[in-house]
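Here the structure is laid out as structure tokens; the discussion comes afterwards.
Numbering (the working numbering), first residue to last: -14 to 288.
Have a look at this one:
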């Protein structure tokens, strides 16, 4: 049903009627933009998921085949049984837990105390130290590989867990300090001053007042430190010379064969162990998801 408008329509009504087309055109443009964004995201998701599907499928594929996206003819757990029963998997797992756990504990201790000093105290060279932390992050980790190895050899820490833990903790320290410092900056200093007025020392106020309020940031740093040490390969492969000292990423190379030749690679066992190595990472992300989101968002805004 159409409504007939009078021949002489007031100017205000004409302007309102002409503006009705603008929201419609805007919605059409917005719909097109959303469609393009979703298509791009779907393509990126497919590219990211396909390797995971290939690895998981190859781990259950009977026999030794290269990584394939085809549907396996049957499901077999032979590769998982081979990894768990015929390889030093449990020794490598123990080593990875010791190294990742030690790196996490040492990294939290160093990062929280350093970040608190940068957040609460003023001293000469403060800006220079913070700037140096940023500059260090610009260089790839391979640059420090040779100096680390020479230093560890001189200290007698090569092929030891302590040397590897120190290397991992120092490498992750700059980013951890920046993350926790941003969170400390959001905590009012009045809380510590009130605690010290009530008889608490500076260190007591730090441990009893500040640290309990920074649990999300500490959880983020702990997760970051643990995963960095858990997944790292180059330093562990360089420092550890005996198989009994290997971590899980280094142990994966034993399935590839000499020189990485595909003819001698056990791709099924390689895929199975890759899945086993990734399971703790997925579990940690699920458990610490709440702290991860709150720690990253709150630490970036200064209140």
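Here a beta-carbon is modelled for each residue, glycine too, at the ideal position from N, C-alpha and C.
What are the boundary residues of the alpha helix (DSSP H) that residue i is part of?
i: residue 69; result: 63 to 71
i: residue 167; result: 146 to 169
i: residue 215; result: 200 to 216
i: residue 175; result: 175 to 182
i: residue 102; result: 74 to 105
i: residue 118; result: 111 to 122
i: residue 239; result: From DSSP, residue 239 is part of no alpha helix (DSSP H); its letter is neither H nor E.
i: residue 224; result: 219 to 224
i: residue 187; result: 187 to 190
Determine the burial state of residue i: buried for a count of at least 16 other Cβ atoms within 10 Å of its Cβ, exposed for fewer.
i: residue 209; result: buried
i: residue 238; result: exposed
i: residue 232; result: buried
i: residue 101; result: buried
i: residue 244; result: Residue placement at residue 244 is flagged as unreliable, the pLDDT there being 46, under the threshold of 50; the coordinate-derived value follows with that caveat. With fewer than 16 other Cβ atoms within 10 Å, it is exposed.
i: residue 64; result: buried
i: residue 215; result: buried
i: residue 17; result: exposed
i: residue 29; result: exposed
i: residue 158; result: buried
i: residue 240; result: buried
Express the C-alpha separation of residue j and residue i in angstroms, rounding to a whole number.
i: residue 235; j: residue 79; result: 13 Å
i: residue 21; j: residue 15; result: 10 Å
i: residue 161; j: residue 85; result: 15 Å
i: residue 193; j: residue 186; result: 10 Å
i: residue 119; j: residue 250; result: 40 Å
i: residue 130; j: residue 219; result: 8 Å
i: residue 184; j: residue 138; result: 47 Å
i: residue 290; j: residue 213; result: No answer is possible for residue 290: the residues shown for the chain start at -14 and end at 288.
i: residue 228; j: residue 76; result: 9 Å
i: residue 174; j: residue 181; result: 11 Å
i: residue 230; j: residue 179; result: 49 Å
i: residue 81; j: residue 217; result: 10 Å
i: residue 191; j: residue 117; result: 25 Å
i: residue 176; j: residue 211; result: 31 Å
i: residue 122; j: residue 163; result: 11 Å
i: residue 126; j: residue 27; result: 32 Å
i: residue 170; j: residue 271; result: 28 Å
Between residue i and residue j, which are expected to be in contact by the criterion C-beta below 8 Å, what is the C-beta distance as a whole number of angstroms?
i: residue 165; j: residue 88; result: So it is not a contact: roughly 16 Å between Cβ atoms.
i: residue 124; j: residue 115; result: Their Cβ separation, rounded to whole angstroms, is 17 Å, which puts residue 124 and residue 115 out of contact at 8 Å.
i: residue 252; j: residue 43; result: 6 Å
i: residue 45; j: residue 61; result: 6 Å
i: residue 261; j: residue 68; result: 7 Å
i: residue 202; j: residue 168; result: 4 Å
i: residue 58; j: residue 47; result: 7 Å
i: residue 83; j: residue 146; result: 6 Å
- Task: Spell out a yes or no on whether the segment 194 to 201 and the segment 251 to 266 are touching, meaning 3 or more CB-CB pairs, one atom from each, closer than 8 Å.
- Result: no
- Assess, as a yes-or-no matter, whether the segment 102 to 112 is touched by the segment 146 to 155 under the definition of 3 or more beta carbon pairs within less than 8 Å. In this structure the segment 146 to 155 does not touch the segment 102 to 112; the number of beta carbon pairs closer than 8 Å is below three.
- So, do the segment 211 to 226 and the segment 122 to 135 have three or more beta carbon pairs nearer to each other than 8 Å? yes
- contact_flag[the segment 203 to 219, the segment 82 to 102] where n(CB pairs < 8 Å) is 3 or more: yes
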